[in-house]
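Protein chains in written order, with numbering that gives the first Met the number 0: chain A, 0 to 248; chain B, 0 to 286; chain C, 0 to 600. Each residue gets a CB set at the ideal place from its N, CA and C atoms; glycine is no exception. Written out below as structure tokens is the structure these notes cover.
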Amino acid sequence: MPISAPESLLVVDRLEAGYGKIGVLHGVELTIAEGEVIALLGPNGAGKTSLLRALSGLLPWSGGGASFAGRDLRGLGPREAARLGLVHVIEGHRVFTQVSVADNLLLAGYDLPRADRMRRVEEAFSFFPEIAEKRAEKGGALSGGQQQMLAVAQGLVRQPRLLMLDEPSAGLSPVLVDRVLGVVRALQARGTAVLLVEQLIEKALSVADRVYALAQGRIVLQAGAREADLPHRLERAYFGADARAPLDA
Amino acid sequence: MLASILASGLAVGAIYALIGITYNTMFATSRVMSFTAGQLGMLGGVFGSLFILQFQLPVLPGLALTLLAAAAIGVVTEFVAVRPVLKSLDQHLYVLSTLALALMIQQVTAIEWSTEPRPFPRLLELTTAHGPWDQKYWLPVVACAVTILGLEYLYKRTLVGRAFVAVAEDNFAARALGLPERNLRVASYALAGAIGALAGFSGGQLLLAFFANGPLLNFYGFIPVALGGLGNNRGAVIGGLALGLFQQAANFTVGGIFSSVAVFTLFIIILLAAPQGLFGAAPQRRV
Amino acid sequence: MDSAKPATVFEPPLTPRAGLLPRAVLPFLGILALALLLPFSGNDYWALIATRAAIYWILIAGLNLVVGFAGQLAIGYVALLTLGAYTASVLASGTVTPEVPAFLALAAAAGIGAVFGLVVGLPALRLRTFYFAMTTLGFATIVTQVALAWQDVTGGGIGITGPAMPPPFDTAWSFFYLCLGLAAVVTWMTGNIARSRFGRGLIALRDAEVAAEASGISKPALLVSTFLFAGACAGFAGGLFAGLQTYITPDAFTFELSLLFFIAVLIGGRGSILGPMLGTILLTLLPEIAAPLAAWSTFLYAFLLLVIVLAMPGGIASLLDFAGRRPLPAHRAILPRAAALEALLPARPEAAPLNLAGIELRFGGVRAIDGVDLEVRPGQVHGLIGPNGSGKTTTLNVICGYYEPQQGRMALGAAPLPAGMPQKRAGLGIARTFQTPRIIGEATVLQNVMVGGSIQGSSSFFATLLALPRPRAEEKTIEAQARLALAAVGLEGLAEARADRLQHSELRFVEIARALMLRPAFLLLDEPAAGLSAEEIRRLGALIQAVARQGTGVLLVEHHADLIFDICDHVTVLNLGRVLASGTPADIRSHKEVVSAYLGA
Numbered sequence: 000m001p002i003s004a005p006e007s008l009l010v011v012d013r014l015e016a017g018y019g020k021i022g023v024l025h026g027v028e029l030t031i032a033e034g035e036v037i038a039l040l041g042p043n044g045a046g047k048t049s050l051l052r053a054l055s056g057l058l059p060w061s062g063g064g065a066s067f068a069g070r071d072l073r074g075l076g077p078r079e080a081a082r083l084g085l086v087h088v089i090e091g092h093r094v095f096t097q098v099s100v101a102d103n104l105l106l107a108g109y110d111l112p113r114a115d116r117m118r119r120v121e122e123a124f125s126f127f128p129e130i131a132e133k134r135a136e137k138g139g140a141l142s143g144g145q146q147q148m149l150a151v152a153q154g155l156v157r158q159p160r161l162l163m164l165d166e167p168s169a170g171l172s173p174v175l176v177d178r179v180l181g182v183v184r185a186l187q188a189r190g191t192a193v194l195l196v197e198q199l200i201e202k203a204l205s206v207a208d209r210v211y212a213l214a215q216g217r218i219v220l221q222a223g224a225r226e227a228d229l230p231h232r233l234e235r236a237y238f239g240a241d242a243r244a245p246l247d248a
Numbered sequence: 000m001l002a003s004i005l006a007s008g009l010a011v012g013a014i015y016a017l018i019g020i021t022y023n024t025m026f027a028t029s030r031v032m033s034f035t036a037g038q039l040g041m042l043g044g045v046f047g048s049l050f051i052l053q054f055q056l057p058v059l060p061g062l063a064l065t066l067l068a069a070a071a072i073g074v075v076t077e078f079v080a081v082r083p084v085l086k087s088l089d090q091h092l093y094v095l096s097t098l099a100l101a102l103m104i105q106q107v108t109a110i111e112w113s114t115e116p117r118p119f120p121r122l123l124e125l126t127t128a129h130g131p132w133d134q135k136y137w138l139p140v141v142a143c144a145v146t147i148l149g150l151e152y153l154y155k156r157t158l159v160g161r162a163f164v165a166v167a168e169d170n171f172a173a174r175a176l177g178l179p180e181r182n183l184r185v186a187s188y189a190l191a192g193a194i195g196a197l198a199g200f201s202g203g204q205l206l207l208a209f210f211a212n213g214p215l216l217n218f219y220g221f222i223p224v225a226l227g228g229l230g231n232n233r234g235a236v237i238g239g240l241a242l243g244l245f246q247q248a249a250n251f252t253v254g255g256i257f258s259s260v261a262v263f264t265l266f267i268i269i270l271l272a273a274p275q276g277l278f279g280a281a282p283q284r285r286v
Numbered sequence: 000m001d002s003a004k005p006a007t008v009f010e011p012p013l014t015p016r017a018g019l020l021p022r023a024v025l026p027f028l029g030i031l032a033l034a035l036l037l038p039f040s041g042n043d044y045w046a047l048i049a050t051r052a053a054i055y056w057i058l059i060a061g062l063n064l065v066v067g068f069a070g071q072l073a074i075g076y077v078a079l080l081t082l083g084a085y086t087a088s089v090l091a092s093g094t095v096t097p098e099v100p101a102f103l104a105l106a107a108a109a110g111i112g113a114v115f116g117l118v119v120g121l122p123a124l125r126l127r128t129f130y131f132a133m134t135t136l137g138f139a140t141i142v143t144q145v146a147l148a149w150q151d152v153t154g155g156g157i158g159i160t161g162p163a164m165p166p167p168f169d170t171a172w173s174f175f176y177l178c179l180g181l182a183a184v185v186t187w188m189t190g191n192i193a194r195s196r197f198g199r200g201l202i203a204l205r206d207a208e209v210a211a212e213a214s215g216i217s218k219p220a221l222l223v224s225t226f227l228f229a230g231a232c233a234g235f236a237g238g239l240f241a242g243l244q245t246y247i248t249p250d251a252f253t254f255e256l257s258l259l260f261f262i263a264v265l266i267g268g269r270g271s272i273l274g275p276m277l278g279t280i281l282l283t284l285l286p287e288i289a290a291p292l293a294a295w296s297t298f299l300y301a302f303l304l305l306v307i308v309l310a311m312p313g314g315i316a317s318l319l320d321f322a323g324r325r326p327l328p329a330h331r332a333i334l335p336r337a338a339a340l341e342a343l344l345p346a347r348p349e350a351a352p353l354n355l356a357g358i359e360l361r362f363g364g365v366r367a368i369d370g371v372d373l374e375v376r377p378g379q380v381h382g383l384i385g386p387n388g389s390g391k392t393t394t395l396n397v398i399c400g401y402y403e404p405q406q407g408r409m410a411l412g413a414a415p416l417p418a419g420m421p422q423k424r425a426g427l428g429i430a431r432t433f434q435t436p437r438i439i440g441e442a443t444v445l446q447n448v449m450v451g452g453s454i455q456g457s458s459s460f461f462a463t464l465l466a467l468p469r470p471r472a473e474e475k476t477i478e479a480q481a482r483l484a485l486a487a488v489g490l491e492g493l494a495e496a497r498a499d500r501l502q503h504s505e506l507r508f509v510e511i512a513r514a515l516m517l518r519p520a521f522l523l524l525d526e527p528a529a530g531l532s533a534e535e536i537r538r539l540g541a542l543i544q545a546v547a548r549q550g551t552g553v554l555l556v557e558h559h560a561d562l563i564f565d566i567c568d569h570v571t572v573l574n575l576g577r578v579l580a581s582g583t584p585a586d587i588r589s590h591k592e593v594v595s596a597y598l599g600a
């Protein structure tokens with residue numbers, strides 16, 4: 000696997016992690032360059048969420064390593080990772096339902112100086128006018144789709160260098176999915192790198208520069224997002240090479 | 000007699016409610032019910048008597064020192080008895096670790112302070128009010144009201160307060176968002192220490208400075224929590240005042256000993272009938 | 000598709016080391032011998048201390064089943080000691096009732112202890128741990144207050160004389176022998192329970208409650224028996240305690256004593272009998288040895304408790320557990336044996352299928368399952384796949400009775416399968432494993448598997464207490480079957496190892512062995528291949544197929560598509576709580592919607 004060098008923002012090297020005795024990641028290798036959008040694909044249980052958690056410091060490692068912008072990530076928690084610019088929006092739009100929408104964003108900027116905080120919250124709101132309208136309402140009053148936007152907006156408040164989004168489209172209507180992915184494009188235009196875990200492969204490929212496929216805790220495929228025949232290759236990567244491909248049927 | 004029942008009922012009820020809030024404050028950020036809650040109340044009385052009667056400090060510095068000392072004990076609780084067992088919450092080791100720490104606090108107090116109840120100072124130089132309007136009855140009620148208003152302000156108006164709410168609602172999401180969850184937890188234990196001590200301090204003229212108040216406050220302060228539902232401060236206040244009134248009414252009518260039997264029986268019945276408390280939510284399934 | 004190569008002839012695994020049992024008894028005999036020699040010291044003060052230790056142990060032996068085995072944090076057991084002491088004293092003194100002979104008074108104390116042991120214990124059936132600890136604490140406070148207040152009967156603060164023992168038990172040393180003998184009997188009884196399906200059931204309720212339920216263990220019935228027994232022990236000990244004190248006041252029953260009882264169990268180690276016994280002796284002697292520290296004894300107990308919780312959760316028992324530290328074979332493999340499986344699961348005649356029709360389950364407004372139909376046929380492997388959150392495990396939980404669907408019917412053949420009541424599923428021949436293995440880490444692998452055979456025993460708690468022939472015979476049968484089940488999954492070499500020392504993949508097979516103990520008509524597996532190596536997955540697949548060949552219907556929830564397509568006879572795909580497709584693996588493999596839902600393509 001080419002670990003090309005200085006311009007790499009994130010370098011993951013033979014990373015292993017798991018829950019207690021259960022190993023989930025078995026030597027994951029992956030690199031992301033500054034400003035690059037990567038789609039991370041893979042079947043259920045492959046370890047996509049665990050990889051994101053391991054990178055943001057929510058899941059301890061059992062082997063290997065990773066560095067971000069030249070800093071070793073070993074032992075860092077989510078707070079330190081976020082300070083470096085590595086921000087993780089976790090799955091399942093888990094926003095805080097008992098505080099207001101604006102407070103949800105202010106909390107995301109808890110570490111920032113007071114003056115910066117307000118400004119960045121307003122910037123984050125500018126991506127999502129529909130939740131900016133509801134800034135005074137409780138997080139619990141939003142619909143699932145709006146909560147997902149709020150969760151993404153929480154990530155934006157930190158002005159990340161790399162934003163990791165875990166299934167931002169889950170449970171969203173197609174229109175909303177496009178809204179969220181539109182934000183990914185906007186971030187890309189600003190030079191922010193994005194690591195996108197996504198079930199909707201075609202949607203993911205439409206915004207990504209490159210894809211990695213994860214199966215059973217290992218990277219089984221790495222390709223450019225525009226390469227031909229990706230679905231077939233993905234499927235073979237998941238099911239094993241000798242499987243009969245259903246898409247041929 | 001009705002005035003006496005009301006005055007003393009509301010007073011002890013407010014003390015119980017404050018201990019209930021102490022439990023809740025610790026629970027919110029850690030999901031731990033700590034046996035130290037009652038001991039913090041006991042220490043409020045002991046520290047108050049120590050600083051004001053023994054060291055001859057004025058009331059306000061005495062109060063400040065009391066709250067500070069108890070906040071420090073709250074922090075010690077977090078480090079010694081809570082943090083080490085948080086990883087395995089489901090094994091309920093915190094019941095044992097906080098019980099152990101509570102007993103150690105109690106025993107040290109018994110030996111270093113006294114095994115006999117010692118007097119607590121009159122806090123205000125008031126001579127006009129007597130009987131049910133005596134300061135010893137309304138001070139706890141005022142303390143409880145101030146605490147509730149203060150907490151409302153904290154949780155609703157300040158960012159750190161909202162961070163407490165966030166950690167209490169979804170610890171994992173709060174951590175993922177980069178909130179300093181560990182520091183917030185320590186802070187909440189310090190806050191709980193101060194609230195518990197305020198209960199003992201404001202009720203010092205009723206309870207005196209007595210090492211054995213700890214277990215009683217533990218139990219009677221827990222009842223409002225069980226009634227109001229874990230983590231529900233308003234429920235704890237309602238539950239605490241109701242408990243205080245019921246207990247004092249039973250005290251005046253059937254006598255002290257059997258009133259505690261009555262309270263205990265009622266407690267068990269309510270718990271069995273509504274294990275989640277009267278304002279609580281149903282638990283989640285565990286498969 | 001290759002299945003397990005049939006082993007030539009299956010030889011039943013050897014029961015290890017016939018001398019095991021006497022070796023476990025040796026320390027107890029040693030302690031007994033030392034105790035019997037004590038009178039030769041000629042020091043009457045030792046008689047007092049030793050008698051006190053024996054009486055405490057009678058209470059703690061019962062409490063050990065509640066705290067150490069069942070894991071219920073009953074911290075106020077001094078209340079039952081108090082009740083027993085006053086009951087015996089009041090009856091024997093004849094102030095309220097006609098005078099009652101001392102031994103009858105002791106029996107009455109045991110009876111009262113049993114009744115209140117149950118009353119105090121009942122909240123444990125409904126309440127969370129902390130609540131239960133709090134209610135026992137509250138009860139302890141109340142009992143002392145009542146003892147003080149009820150002067151007509153208890154003598155209030157002045158007190159009352161304890162029951163005087165009739166000859167020949169009226170001297171210090173003869174009373175000691177009496178208490179020692181009773182302590183030995185109680186030890187034997189709790190040992191009988193500990194080694195039986197009841198003891199394993201209690202530990203299973205403590206460490207793996209859901210698995211205990213799925214194995215058909217009824218928590219209320221088991222806890223009620225345990226609370227009755229522990230309460231009787233405590234009440235009886237109270238009567239003896241009053242006899243030893245000769246005069247009792249409420250002051251004699253401090254909370255410190257309760258703490259001593261409770262901590263003795265925890266210092267000793269959960270799930271052990273020898274450990275708590277040593278803990279009792281240690282804590283009784285401690286204030287005597289360290290007399291200057293007497294005032295600090297509560298502090299010391301509490302400090303010990305903290306140290307144990309934070310640094311030595313296994314207590315003395317884990318220090319003594321030399322066998323448990325012996326290294327396990329490093330290069331070991333899981334080698335399922337088809338012949339053992341055939342011996343364990345006799346081929347069953349064609350049975351009725353398990354049917355789900357129109358199942359709907361909502362949590363609040365969320366539809367977790369939205370009209371699922373499913374038929375699992377005996378002798379077939381039925382795969383259940385789908386994306387995360389599609390309702391696979393939820394479907395399993397509906398079948399197992401953990402969730403009650405709002406709509407739909409379940410049936411076993413012609414008989415309807417009622418919703419709810421998970422502990423009844425084992426009796427209907429429905430067994431399952433869990434996504435995260437639910438294992439008792441502190442028990443041996445063999446004991447874990449034997450938990451699965453709990454419903455095969457029919458003898459009562461009481462018969463087991465006295466080690467009557469029938470419970471002993473049942474134990475033998477269950478153990479033999481458990482060894483067979485372990486051989487069937489290929490883990491017989493690890494039978495005596497502590498389960499928490501096994502690797503994750505091995506625990507998955509332990510769970511299957513436990514489930515097979517029910518000789519299930521239907522076996523429900525929840526992601527059994529998660530965390531397994533490719534070779535282990537292949538063996539798992541062969542094992543599952545072998546189970547199905549014996550006539551058991553297998554419902555397999557799994558993410559490993561290759562395993563599903565290799566071994567299933569039928570596959571159902573769920574998406575968003577609905578059946579997306581259902582058919583043979585070949586049908587499913589070429590189903591476009593499935594591929595897009597599953598792969599997201």
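Starting from residue i, follow its DSSP beta bridges and name the residues at the other end.
i       : result
E374(C) : N354(C)
I626(C) : The displayed coordinates of chain C run from 0 to 600. Any statement about residue 626(C) would go beyond what the structure contains.
T30(A)  : V10(A)
Is it right to say residue i is buried, meaning 16 or more other beta carbons lie within 10 angstroms of its own, or is it exposed?
i       : result
T245(C) : exposed
N42(C)  : exposed
S125(A) : exposed
G357(C) : exposed
Our contact map puts residue i next to residue j with C-beta atoms below 8 Å; I'd like the distance itself, whole angstroms only.
i       : j       : result
A16(A)  : L24(A)  : 5 Å
G139(A) : Q97(A)  : 7 Å
I59(C)  : T283(C) : Their Cβ separation, rounded to whole angstroms, is 10 Å, which puts I59(C) and T283(C) out of contact at 8 Å.
L9(B)   : L240(B) : 6 Å
F221(B) : Y93(B)  : Wrong, their Cβ atoms sit about 14 Å apart, outside the cutoff.
Check residue i in the structure and name its three-state DSSP category.
i       : result
M164(C) : coil
N23(B)  : helix
H330(C) : coil
P621(C) : The question about residue 621(C) has no answer, for chain C in this structure spans 0 to 600.
I200(A) : helix
V286(B) : Here V286(B) scores only 44 on pLDDT, less than 50, and its place in the model should not be relied on; the value that follows carries that caveat. Three-state result, V286(B): coil.
### Query
Can you list, in chain order, the stretches of the alpha helix (DSSP H) that have 4 or more residues and sit fully within the segment 187 to 262 of chain B?
203 to 206, 212 to 227 and 232 to 253
### Query
Which whole runs of the alpha helix (DSSP H) in the segment 285 to 322 of chain C are 4 residues long or more, in chain order?
296 to 310 and 314 to 319
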